Structures are given as C-alpha cells and as structure tokens.
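Chemist: The sequence shown lines up with residues 0 to 319 when you count with numbering that gives the first Met the number 0.
Before I ask anything, let me first share the structure, which is written out below as structure tokens.
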Amino acid sequence: MRRKYAMPLGVFVTLVVSAGVARAEPPYLRVVDERVDIPVDRAVGDLLVLGGSLELDGVVRGHVFAVDSEVHIGPDALVLGSVNLVRGGLKVDPQAHLPAEVAMEGVHVHGQGMGPGERRKLASGTVLVQAPTVPGDGAVALMRSVLAFDRFAPPDTLDVRDLRGWHPGLGLTVKRFVERPPQVVVGGVTRLSFVSDKVQGAFQRGYRGDTGSVLLTGVRLVDDDTATALWGQVESVEDRAGVELSVKSDLGQGAHWFFRKKGRYVMLWQRGPWFFGVEARLAQPDATPEQQKQFLDQVLASLRQGLSPVAASASVSRGK
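Put into structure tokens, the structure is as follows:
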C-alpha cells in the first residue's frame with residue numbers, strides 16, 4: 000500500500016487508500032462519527048472509521064483504515080489485510096492477529112508512549128510503525144471529507160439515455176450536451192476513446208451559472224469487470240498527470256479519486272458498470288480551496304439527490 004498525504008494548502012502529494020491485493024468481499028463497513036463493536040462472532044470486509052470509536056474482537060477480511068478515531072483491538076481480533084491509522088488513539092492487545100506492520104501517523108498509542116519515527120514489536124510479531132511526520136489539521140480534514148464519499152450510481156438496469164434529465168441544479172444551465180462522444184477528456188488527466196463494444200454508452204455535459212461551472216461525464220460499461228479495468232487505466236495516470244491534493248480510495252465496492260487540476264476540483268468514481276467524473280470550479284476568482292471543495296461537495300450532493308427520481312422515472316417508463 001502506498002501512503003502519502005494530501006496537504007490541502009500545499010504542493011502535490013498523494014494519499015492512496017488501496018487494497019493492493021484482491022479486493023475484500025463485502026460487507027464493507029464505513030463508520031463516521033459513531034462507535035462500532037465487532038465481536039468475536041462477526042466478520043466484515045474492508046473497514047473505514049472516520050472520527051469514531053472501534054472495538055475490534057472479530058474478523059476483518061479486508062483492510063482497516065481509521066482517521067481521528069479511538070481504535071481498541073482485542074486478543075481475538077484477526078485482520079487479513081492492512082491496518083492504517085491516522086491520528087486518534089490505539090489500544091492493542093499484544094496477542095492480536097494483525098499484519099506484519101501497523102502503519103500509524105500521529106497516533107497516540109495507549110501504554111506505549113511512541114513518538115514520531117518509532118517502531119515497536121508486539122508479542123505476536125506485529126510491528127507498530129509510527130511515521131516521522133504528523134499530518135496537519137487541513138490534510139486530515141480533506142482526507143476525512145474525501146474518504147467519506149459515497150459512490151452513488153444508477154441501477155444496473157438503466158443506460159445513459161435514461162439519465163438525460165439528470166443534472167446538478169444549483170441554478171446551473173446546460174451549455175454543452177454530448178451523447179455517445181467518440182472520445183472525452185476526463186478530469187484533464189486522461190482521454191477516453193470509445194471504440195469497444197464493451198462500452199454501452201457515454202455522455203459529457205457542461206453546465207454554467209453565476210456561481211460557477213460543472214462538467215459531468217458518465218460512461219456505462221458492459222459489466223463490472225470492464226468498468227474496473229477502465230478505472231485501472233484512469234487512475235494509473237496519476238504520477239504523470241500533474242494533479243494536486245490527490246486522495247484515492249478503493250475500500251469497499253468500486254473506487255474514487257479526488258484531486259485538483261488547473262483550478263478545477265475533480266471527483267472521479269466507479270461503481271458496478273458505471274464510471275463518472277465531476278469537475279467543478281467557482282466563478283469567484285479569489286475563492287479559497289475550502290470554498291472550491293465546498294462547491295464540489297454541493298454539486299455531488301445535488302447529483303446524488305437528483306439521481307433517485309430520474310432513475311425511478313426511467314424504470315416506470317421502461318415498465319410501460
């Protein structure tokens with residue numbers, strides 16, 4: 000697992016929350032600002048805890064990633080994937096069944112007193128590794144915001160034609176509407192060409208208003224595996240794409256990637272046979288990074304809210 004951190008007001012660095020091996024089977028468990036107990040008789044897939052509290056005595060078949068959370072790991076706990084902790088606290092039984100290393104950054108280890116850059120080996124053989132640096136409040140806030148993103152997508156029974164009425168609202172009007180384009184540029188980082196029969200449809204729409212502009216891209220693939228392969232091609236360009244504030248995650252089903260590119264704030268994601276990209280920029284020239292990210296979040300929330308009625312209407316029409 001590659002792990003670097005995105006500094007919201009700094010230069011390009013990257014956080015990647017990735018399986019690194021075959022993806023864990025569901026159920027994926029995401030906990031935000033809550034407490035979760037996983038007893039000895041319970042098993043989950045990937046586990047994400049943001050600003051919460053975790054009591055782990057059961058099995059995690061995937062990976063554990065916790066930010067600003069209290070994590071307590073009991074002697075019967077078993078984690079088959081990686082464990083990554085950012086700030087917060089850790090209390091771990093030395094007999095817990097964990098991976099070779101537990102990666103930590105700015106974590107308070109109860110009873111251990113570990114400082115930056117220190118390593119400590121547990122009786123089980125697992126090594127606690129404290130990074131030499133501590134992420135700042137801005138980096139952690141961005142991380143929490145992006146990792147909490149819910150990868151929404153239409154039902155698999157729909158196609159891109161059913162989404163013609165889907166738009167971000169917010170006073171924005173359509174300025175560009177292209178269906179079945181031969182190719183599109185996504186996020187300013189890669190060009191997708193649609194020459195394969197595995198692509199069932201695609202669209203790209205541009206919106207503009209007094210508040211700002213939005214570019215919405217959608218691609219419907221023939222199946223989940225093809226969409227996953229497309230995602231792999233898209234996210235592989237990161238090292239040469241010249242993006243900033245990059246945060247990725249493929250915990251759970253699908254994957255998503257947030258970044259900034261030439262003043263545009265971008266969220267790309269894949270779930271099931273669908274791939275989407277949203278690029279947003281405020282019209283206000285002196286808008287802060289926080290305001291730009293908030294505008295993107297508003298656009299995503301509006302699209303999520305507007306998807307259900309569009310999908311329901313399309314399903315009714317198909318049933319006639």
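Cβ coordinates follow ideal geometry from the N, Cα and C atoms, glycine included.
Fair warning: this is a prediction, and the values are worked out from it, not measured in the lab.
Tell whether a beta-carbon distance below 8 Å holds between residue 145 and residue 257.
Modeler: yes
Chemist: Look up residue 309 in the DSSP assignment and say whether it is helix, strand or coil.
Modeler: helix
Chemist: If we count Cβ pairs, one from each stretch, closer than 8 Å, do we get three or more for the region 216-224 versus the region 290-297?
Modeler: The answer is no - the region 290-297 does not touch the region 216-224, with fewer than three Cβ pairs under 8 Å.
Chemist: Tell me which residues share the same chain as residue 197 and place their Cβ nearer than 7 Å to its Cβ, disregarding the 5 neighbours each side in the sequence.
Modeler: 220, 221 and 225
Chemist: What residue does the alpha helix (DSSP H) around residue 229 start on, and which one ends it?
Modeler: 223-234
Chemist: Residue 63 and residue 51 look like a contact to me (Cβ under 8 Å); what is the Cβ gap, rounded to whole Å?
Modeler: Not confirmed; about 12 Å, so no contact.
Chemist: Residues bridged to residue 104 by DSSP?
Modeler: 85
Chemist: Return the residue from the list 121, 250 and 255 that minimises the CA-CA distance to residue 30.
Modeler: 250
Chemist: Going by beta carbon distance, what residues of the same chain come within less than 6 Å of residue 143, once the five residues before and after it are set aside?
Modeler: 49 and 66
Chemist: Where does residue 21 sit, in a helix, a strand or coil, going by DSSP?
Modeler: At residue 21, the pLDDT of 46 sits below 50, so the modelled position is not reliable; the number obtained from the coordinates is stated separately. Residue 21 falls in the coil class under three-state DSSP.
Chemist: Determine the extent of the beta strand (DSSP E) in which residue 266 is found, giving its start and end residues.
Modeler: 263-270
Chemist: Which residue marks the beginning of the beta strand (DSSP E) containing residue 211, and which one marks its end?
Modeler: 211-220
Chemist: Under the DSSP definition of a beta bridge, which residues are partnered with residue 323?
Modeler: Only positions 0 to 319 of the chain appear in this structure, which leaves residue 323 out of reach.
Chemist: Would you decide whether residue 262 is buried or exposed? Buried here means 16 or more other CB atoms lie within 10 Å of its CB.
Modeler: Per the 10 Å Cβ criterion, exposed.
Chemist: Residue 150 and residue 60: beta carbons closer than 8 Å?
Modeler: no
Chemist: By DSSP, does residue 178 sit in helix, in strand, or in coil?
Modeler: strand
Chemist: How is residue 31 classed by DSSP in three states: helix, strand or coil?
Modeler: strand
Chemist: Going by Cα to Cα distance, which pick from 162, 246 and 189 is closest to residue 178?
Modeler: 162
Chemist: Output the distance between the C-alpha atoms of residue 310 and residue 223, rounded to the nearest integer angstrom.
Modeler: Going from the Cα of residue 310 to the Cα of residue 223 covers about 19 Å.
Chemist: Relative to the C-alpha of residue 57, which residue among 47, 74, 69 and 186 is closest?
Modeler: Comparing alpha-carbon positions, the option among 47, 74, 69 and 186 lying closest to residue 57 turns out to be 74.
Chemist: By the 10 Å Cβ neighbour count, where 16 or more other Cβ atoms means buried, how is residue 202 classified, buried or exposed?
Modeler: buried
Chemist: Out of 81, 55 and 205, point me to the one whose CA is closest to residue 69's CA.
Modeler: 55
Chemist: For residue 96, which residues in the same chain have their Cβ closer than 6 Å to its Cβ, ignoring the five residues on either side in sequence?
Modeler: Setting aside the 5 residues that flank it on each side, residue 96 is surrounded in the same chain by 77, each with a C-beta closer than 6 Å to its C-beta; the list follows chain order.
Chemist: Let me check understanding here. Comparing Cα to Cα, which of 104, 44, 91 and 160 lies closest to residue 120?
Modeler: 91
Chemist: Within 10 angstroms of the Cβ of residue 156, are there 16 or more other Cβ atoms? Answer buried if so, exposed if not.
Modeler: By the 16-neighbour rule on beta-carbons within 10 angstroms, residue 156 is exposed.
Chemist: Exposed or buried, which one is residue 238 when buried takes at least 16 other CB atoms within 10 Å?
Modeler: exposed
Chemist: Assess contact between the region 132-141 and the region 171-190, defined as three or more Cβ pairs (one per stretch) separated by less than 8 Å. Is contact present?
Modeler: no
Chemist: Residue 36 by DSSP, collapsed to three states: which one?
Modeler: Under the three-state reduction of DSSP output, residue 36 falls in the strand class.
Chemist: Label residue 125 either buried or exposed according to how many other C-beta atoms from any shown protein chain fall within 10 Å of its C-beta, with 16 as the threshold for buried.
Modeler: buried
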